[in-house]
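Take a look at the structure set out below.
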Amino acid sequence: MADMLKHTVDGNVGVETRGAGETGCALVDPAQLESAILNLVINARDAMPGGGTVIVETSHVDVTEGDEDYRAVPPGSYVMVSVSDSGTGIAPAELERVFEPFFTTKDVGSGTGLGLSMVYGFVKQSGGHIVIASQPGEGTTVRLYFPRTQAEGPVAAQPHPTQKNPGGNERIFVVEDNDMVRSTVTAQLLALGYTVVEAASGADALKVLAEDRNFDLLFTDVAMPGGVNGAQLASRARQIVPALPVLFTSGYADSALLDNSDWSEDAPMLSKPHRFSDLARKVRDVLDARAG
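If you want it as structure tokens, here you go:
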């Protein structure tokens, strides 16, 4: 994941990963955890327009009753994941609202404001706790605490350390209306070696295709507002670029939008949320099927 995180930052921002020995195991959705960390890194990057280093750290934390260092976290044993920056920081009045949907400390047009609320929802769904500390002008640290569990058997199995996700050098057109999801997918594809062009809606995508047809794959969300959903976009894209490979992505309920469209039930689909490894394999499979 370290390579993927490095592709989310600009030239004057670095990413440093730290691990404090054996952290133990926690029962969380791996895809949502990857997305949460990536969203936090993107927020940290945006908070340092003048450059700096984003620090991603994992550790094992034991919280005891009355522990002043962890007043917002109940006693227990946790796997802690933190993301820190040395950027602009957050004012106290804004800090109280950062987990509210659509509240954002960014300038208008710089994001949806859904990032932290989505992370908050994931952490709470996982039985964990989230704590944010920030000082204006000094930076921000977000800490995620997940209850440790005693994993046994297959649950504790980890991928082989030498396993490499398949990548390539093709040019991929990513169309996704959610800013954070689009940033996540783009960072993942860049980490795999691909060239990426983005659009935030089906209508915007058609404008891009009118000027630029040099794509090897269209990767599009199924459910998008604005009058052009993913199935409609894919059909019109095929009229502009015949035989253009298409990979759809959606939540379970969204996939029903492919019904009564030009696309059959066996159209290539990547469900949300997805892991980095799942994206890598599915994209490569669709590209290789075209070449074959």
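With the numbering used here as the guide, the letters of the sequence shown map in order to residues 1433 to 1724. Idealized CB from N, CA, C, for every residue including glycine.
1. Do the region 1620-1630 and the region 1670-1684 make contact, defined as three or more Cβ pairs closer than 8 Å?
2. Answer yes or no: do leucine 1650 and phenylalanine 1578 have a C-beta to C-beta separation smaller than 9 Å?
3. Whole beta strand (DSSP E) runs in the region 1478-1562 with 3 or more residues, listed along the chain?
4. Taking just the CA atoms, how far does threonine 1616 sit from tyrosine 1526?
5. If you check the beta carbons only, do arginine 1575 and methionine 1512 fall under 9 Å apart?
6. Along the chain, where does the beta strand (DSSP E) that runs through threonine 1449 open and close?
7. What residues in its chain sit with their C-beta under 6 Å from that of alanine 1565, if we drop five residues either side in the sequence?
8. Residues in its own chain within less than 7 Å of glutamine 1567 by CB, not counting five upstream and five downstream?
9. State the start and end residues of the unbroken alpha helix (DSSP H) segment that holds glutamate 1643.
10. Where does arginine 1477 land, buried or exposed, given buried means 16+ other C-beta within 10 angstroms?
11. So the candidates are Pro1677, Ser1682 and Ala1721; which of them puts its Cα closest to the Cα of arginine 1645?
12. From the DSSP output, in three-state form, read off aspartate 1710 for me.
13. According to DSSP, is methionine 1656 helix, strand or coil?
Concretely, from the data shown:
1. Flag = no, the region 1620-1630 and the region 1670-1684 do not touch.
2. Stepping through the sequence shown from its first residue, residue 1650 is reached at position 218. Stepping through the sequence shown from its first residue, residue 1578 is reached at position 146. By the CB criterion at 9 Å, leucine 1650 and phenylalanine 1578 fall outside the cutoff.
3. As summarised for the region 1478-1562, the continuous beta strand (DSSP E) elements at least 3 residues long and confined to that stretch are 1484-1495 and 1508-1517, given in chain order.
4. As a first step, residue 1526 is located in the sequence shown; it is residue number 94 there, counting from the start. As a first step, residue 1616 is located in the sequence shown; it is residue number 184 there, counting from the start. Residue identity check: residue 1526 is glutamate in the sequence provided, not tyrosine. When rounded, the distance between both Cα atoms is 25 Å.
5. For this step, residue 1575 is matched to residue 143 along the sequence shown. For this step, residue 1512 is matched to residue 80 along the sequence shown. Taking 9 Å as the Cβ cut-off, arginine 1575 and methionine 1512 qualify as a contacting pair.
6. By one-based count along the sequence shown, residue 1449 stands at place 17. Note, threonine 1449: beta strand (DSSP E), 1445-1451.
7. By one-based count along the sequence shown, residue 1565 stands at place 133. Spatial neighbours of alanine 1565 in its own chain (CB-CB distance under 6 Å, excluding positions within 5 residues in sequence) are listed in chain order as Thr1573.
8. Within the sequence shown, numbered from 1, the residue matching residue 1567 stands at position 135. Result list for glutamine 1567: Gly1521, in chain order.
9. Locating residue 1643 in the sequence shown gives position 211, counting from the first residue. First-last of the alpha helix (DSSP H) with glutamate 1643: 1634-1643.
10. Position 45 of the sequence shown, counted from the first residue, corresponds to residue 1477. Buried is the call here.
11. Residue mapping note: residue 1645 aligns to position 213 of the sequence shown, counting from 1. Here the closest residue by C-alpha is Pro1677.
12. Residue 1710 sits at position 278 when you count from the first residue of the sequence shown. Here DSSP, grouped into helix, strand and coil, assigns aspartate 1710 to helix.
13. Along the sequence shown, one-based indexing puts residue 1656 at 224. Three-state result, methionine 1656: coil.
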